[in-house]
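In what follows, a structure is listed as structure tokens, so that the remarks can point back to it.
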Amino acid sequence: MTRLTHAGENKIAKEVAKTVSVPKVMPIYMSSVFSFDDVSTLDAVYDGTAKGYVYSRMANPGYDAVQEVLATAEQSDDALVFSSGMAAIITTIISQVKTGDHIISSPVLYGGVYDYLKNELPRFGVEVTFVDFNHDNIEKYLKPNTKVIYTETISNPLMEVEDLPAIAEVAHAHGCKFIVDNTFATPAVAQPLKWGADIVVYSATKYLGGHSDFIGGAVMSNKENMEHIHRFFTLYGSIMSPFDAWLLARSMRTLELRMKQHSENALKVAKFFENHPKIERVYYPGLDSSPYRARAEKLFIEGRCGGMLSADIAG
Ligand SMILES: Cc1ncc(COP(=O)(O)O)c(C=O)c1O
1374 MTRLTHAGEN KIAKEVAKTV SVPKVMPIYM SSVFSFDDVS TLDAVYDGTA
1424 KGYVYSRMAN PGYDAVQEVL ATAEQSDDAL VFSSGMAAII TTIISQVKTG
1474 DHIISSPVLY GGVYDYLKNE LPRFGVEVTF VDFNHDNIEK YLKPNTKVIY
1524 TETISNPLME VEDLPAIAEV AHAHGCKFIV DNTFATPAVA QPLKWGADIV
1574 VYSATKYLGG HSDFIGGAVM SNKENMEHIH RFFTLYGSIM SPFDAWLLAR
1624 SMRTLELRMK QHSENALKVA KFFENHPKIE RVYYPGLDSS PYRARAEKLF
1674 IEGRCGGMLS ADIAG
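Here my numbering is used: the first residue of the sequence shown is 1374, the next is one more, and so on.
Below, the structure written as structure tokens:
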């Protein structure tokens, strides 16, 4: 019975690797650790002279597969997947700052990220200034130790569309990294890297995942930034499970179709609410009445504005 512990593992995996066919859909590699015939082969993988996987906190074929899909969608050099959007965002921010540094952020953010910036980072000696990017001048708040400017493409919950190229210009003139949460837009609506963002972060739990069946996060950027963030990814260990990576890759195949339909549906709902007696105000950048309509037209793909809208109820 002791043989059962290893029967059907390595031998079959090696035989499959030698076949001339490949599965149409990427398999799920539910393996925390990978095995090697000898220590010198393991060493070769560690020192980068051979391609292989060692331990799934560092890399897994399923992450590589979904990361390729994500990088293709975002037109970035590379991508990384995380156990949640918060994990992706916090790991990315931590990778860019140290005690004594300063961050400028929009105050209109997903609540968890706002809480982290306002209450957690100061505990580690990182100062955060919240600036209304649409009504104030960011440059006034820049300091010599400002390292990061942070915002969302479409802000949660007021649906403001940020002027990404203008913010990027300020960030780069001062040597700061511009990090954009593109969760509400997705790469089927906006691609912030094209508009000057350095790093794009996501809650993949929302539209990228699209089926409400897992929690996940993603980060996309150029090679240099991704290599830097990868160190923190393996160190902090907030990795996505191989099964969730598989679900995310599946979901990404239909992202554009879904976002087109979400955008159409949301515009119809927004127009309906705009004329509803019980609604005081509707926030949706696709509406002609939105102060962000022209900016959305310029920055967003085919005028799509995504599926999120908000409203003030009368009374
Ligand atoms: C815009 C935005 N960013 C980040 C997050 C955090 O993502 P997660 O819940 O996957 O950790 C959320 C969650 O609602 C969000 O709406």
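A virtual CB, placed ideally from N, CA and C, is assigned to each residue, including glycine.
message: Report the start-end ranges of each beta strand (DSSP E) in the stretch 1643-1683 that is 3 residues or longer and not cut off at the edges.
response: Secondary structure within the stretch 1643-1683: the beta strand (DSSP E) runs of 3 or more consecutive residues, fully enclosed, are 1652-1656 (chain order).
task: Answer yes or no: do V1553 and T1465 have a C-beta to C-beta separation smaller than 8 angstroms?
output: Here residue 1553 is taken as the residue at index 180 of the sequence shown, counted from 1. Here residue 1465 is taken as the residue at index 92 of the sequence shown, counted from 1. Taking 8 angstroms as the Cβ cut-off, V1553 and T1465 do not qualify as a contacting pair.
message: According to DSSP, I1552 sits in a beta bridge with which residue or residues?
response: Position 179 of the sequence shown holds residue 1552. The partner list for I1552 (beta bridge, DSSP) reads Y1523, I1572.
message: For a test of your reading of the model: does the CB of G1590 fall under 7 angstroms from any non-hydrogen atom of ligand 1? Yes or no.
response: Along the sequence shown, read from residue 1 onward, the residue named residue 1590 stands at position 217. Yes, ligand 1 has a heavy atom inside 7 angstroms of this Cβ.
query: Any idea if P1560 is buried or exposed, counting beta-carbon neighbours within 10 angstroms, 16 or more meaning buried?
result: In the sequence shown, residue 1560 corresponds to position 187, counting from 1. When all chains shown are included, P1560 counts as buried.
- request: Indicate the three-state DSSP secondary structure (helix, strand or coil) for S1624 in the structure shown.
  value: Within the sequence shown, the letter at position 251 stands for residue 1624. Helix, per DSSP.
- prompt: If you measure from the CB of Y1483, is any heavy atom of ligand 1 nearer than 7 angstroms?
  reply: The count along the sequence shown starts at 1 and reaches residue 1483 at position 110. Yes, ligand 1 has a heavy atom inside 7 angstroms of this Cβ.
- request: With DSSP as the reference, label T1445 as helix, strand or coil.
  value: Within the sequence shown, residue 1445 is the residue found at index 72, counting from 1. Note: T1445 maps to helix in three-state DSSP.
Alpha carbon of N1433 to alpha carbon of E1441, nearest angstrom: On the sequence shown, residue 1433 is found 60 positions in, with the first residue counted as 1. On the sequence shown, residue 1441 is found 68 positions in, with the first residue counted as 1. Cα to Cα, the separation comes out at about 13 angstroms.
field: Anticipated Cβ contact below 8 angstroms, Y1656 with L1682, distance rounded
entry: Stepping through the sequence shown from its first residue, residue 1656 is reached at position 283. Stepping through the sequence shown from its first residue, residue 1682 is reached at position 309. Your pair Y1656 and L1682 checks out as a contact, with CB atoms roughly 6 angstroms apart and the cut at 8 angstroms.
field: Assigned exposure category for L1630 - 16 Cβ within 10 Å defines buried
entry: To locate residue 1630, count along the sequence shown from 1; it is residue 257. Flag for L1630 reads exposed.
query: With distances taken from CA atoms, which of T1472, Y1514, F1645 is nearest V1543?
result: As a first step, residue 1543 must be located in the sequence shown, where it is residue number 170. The option with the nearest alpha carbon to V1543 is Y1514.
task: With DSSP as the reference, label L1581 as helix, strand or coil.
output: Position 208 of the sequence shown holds residue 1581. Secondary structure of L1581 (DSSP, three-state): coil.
- prompt: What are the start and end residues of each continuous alpha helix (DSSP H) run of 4 or more residues lying completely inside the stretch 1479-1511, in chain order?
  reply: Runs found: 1484-1488.
Cβ neighbours of V1642 in the same chain (closer than 7 angstroms, five flanking residues each side left out): Walking along the sequence shown from the start, residue 1642 turns up at place 269. The answer, listed in chain order, is L1682.
task: May I ask which residues mark the beginning and end of the alpha helix (DSSP H) holding D1416?
output: Stepping through the sequence shown from its first residue, residue 1416 is reached at position 43. For D1416, the enclosing alpha helix (DSSP H) has its first and last residue at 1412-1419.
query: Does the stretch 1556-1573 come close enough to the stretch 1670-1677 to have 3 or more Cβ pairs within less than 8 angstroms?
result: Verdict: yes, contact present.
Buried versus exposed, by CB contacts within 10 Å (16 or more), P1658: Position 285 of the sequence shown, counted from the start, is the residue given in the question as residue 1658. Classification of P1658: buried, given that the 10 Å Cβ count is 16 or more.
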